[in-house]
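Undergrad:
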Ligand code: NDP
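In the numbering used here, the protein residues as written are 17 to 322.
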């Protein structure tokens, strides 16, 4: 029987691991499909306190991990397939088939990118359609690409892609960005970036060829349609919480975010941290903060549970 199992290795999971390890609980950290979480798909992290010059996202997560390991956190790599929280002991089943029992769980499984949902887009994911410029941007050297979305992620993706692409077009469904002013200004002032306002992607060409040759756009106000020739399409329209294995076991809102109070879920001994419970702030530093809170709550719970 484990004392603490932490699910997820983003800022929330690894901070929870650091605090639980320093409390002498030798936590077991279960790593899923994306070790290090979403920060490993970003480039430069400029807003994590303590790094005035910025730091690469993957490098930052490796530092988090080393710090947790130094105090005795253990790691196991296999996504969680299912769980049974509604009667003690708390149980987890991993993709590997392994079954784990534990006194407490900290769910820090984060969130994943949302795609547009077009059939042609689905067929071309990994063949010109991507949700991660950091991962795939370098494949688009000297060719035009498009980014869909108007939030900070879309701005970051567009700016990053200017390193490689000949031209970057941001496609946004409204006439103003949702992104923070500083990011939006950088995009608007960049000589290699164009913006298509009030426009939506209606189709991605060309699934038959197995590669992206362009996107069909519709202007939402005039209804005018045209074809934008691009070789890559980066979708940056938001995220959904990774709560699939916990359906029916934890109280969630209509979008699937886990409901909690000071990181405590509706199940005794199960705590939650990071983007999986946060549709509002979604920052590395807030994820780390809630990871710390969840570990402190789990430690207190174990003390009172004997
Ligand atoms: P957001 O939810 O902030 O933005 C999503 C964008 O996608 C919006 O502009 C939205 O349009 C658009 N969109 C949503 N659905 C569709 C659709 N079906 N078709 C077309 N467009 C669509 O998500 P982000 O991932 O950009 O950011 C999430 C959070 O992370 C935010 O709080 C953000 O500030 C933060 N963040 C911060 C960064 C930083 O500070 N360095 C970097 C990246 C993210 P509309 O505006 O019309 O709703």
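Note that beta-carbon positions come from the ideal geometry of N, C-alpha and C, so glycine has one too.
Does the Cβ of residue 196 lie closer than 8 Å to at least one heavy atom of the ligand NDP?
TA: For the purposes of this step, residue 196 is taken as residue 180 along the chain shown, with counting starting at 1. The answer is yes for residue 196.
Undergrad: Looking at C-alpha atoms only, which residue of 312, 291, 245 is the closest neighbour of residue 303?
TA: Start at 1 with the first residue of the chain shown, and residue 303 comes out as number 287. With distances taken between Cα atoms, residue 303 lies closest to 291.
Undergrad: How many Å lie between residue 320 and residue 40 at the Cα?
TA: Here residue 320 is taken as the residue at index 304 of the chain shown, counted from 1. Here residue 40 is taken as the residue at index 24 of the chain shown, counted from 1. Roughly 16 Å between the two C-alpha positions.
Undergrad: Short of 8 Å in beta carbon distance, which residues of its chain neighbour residue 299, apart from the five on each side in sequence? Order them along the chain.
TA: In the chain shown, residue 299 corresponds to position 283, counting from 1. So the list reads 63, once near-sequence residues are dropped.
Undergrad: Since residue 256 and residue 146 are thought to touch, with beta carbons under 8 Å apart, how far apart are those beta carbons, to the nearest angstrom?
TA: Indexing the chain shown from 1 puts residue 256 at position 240. Indexing the chain shown from 1 puts residue 146 at position 130. About 17 Å; that fails the 8 Å criterion.
Undergrad: Quick check: the Cα distance between residue 293 and residue 261, rounded to an integer number of angstroms?
TA: Position 277 of the chain shown, counted from the start, is the residue given in the question as residue 293. Position 245 of the chain shown, counted from the start, is the residue given in the question as residue 261. Straight-line Cα distance between these residues: approximately 15 Å.
Undergrad: Do you know offhand how far residue 22's Cα is from residue 201's?
TA: For the purposes of this step, residue 22 is taken as the residue at position 6 of the chain shown. For the purposes of this step, residue 201 is taken as the residue at position 185 of the chain shown. Each residue's alpha carbon lies about 39 Å from the other.
Undergrad: Please confirm whether residue 193 and residue 162 have their CB atoms less than 9 Å apart.
TA: Here residue 193 refers to the residue found at position 177 when the chain shown is read from its first residue. Here residue 162 refers to the residue found at position 146 when the chain shown is read from its first residue. Not a contact, by the Cβ cut-off of 9 Å.
Undergrad: Can the beta-carbon of residue 52 be found less than 9 Å from the beta-carbon of residue 125?
TA: Here residue 52 refers to the residue found at position 36 of the chain shown. Here residue 125 refers to the residue found at position 109 of the chain shown. Not in contact: residue 52 and residue 125 (Cβ atoms no closer than 9 Å).
Undergrad: Say the cut is 8 Å; is the CB of residue 268 nearer than that to a heavy atom of the ligand NDP?
TA: As a first step, residue 268 is located in the chain shown; it is residue number 252 there, counting from the start. Outside the cutoff, so no.
Undergrad: Once DSSP output is grouped into helix, strand and coil, what is the label at residue 160?
TA: Reading the chain shown from its first residue, position 144 is the one you call residue 160. Reduced to three states, the DSSP call for residue 160 is strand.
Undergrad: Distance, Cα to Cα, residue 172 vs residue 249?
TA: Translated into the one-based positions of the chain shown, residue 172 becomes position 156. Translated into the one-based positions of the chain shown, residue 249 becomes position 233. For residue 172 and residue 249, the distance between alpha carbons rounds to 14 Å.
Undergrad: Pick from 217, 259, 199: whose alpha carbon is nearest that of residue 239?
TA: Here residue 239 is taken as the residue at index 223 of the chain shown, counted from 1. Among 217, 259, 199, the Cα nearest to that of residue 239 belongs to 217.
Undergrad: Residue 75: buried (16+ other C-beta within 10 angstroms of its C-beta) or exposed?
TA: As a first step, residue 75 must be located in the chain shown, where it is residue number 59. Exposed, because fewer than 16 other Cβ atoms sit within 10 Å of the Cβ of residue 75.
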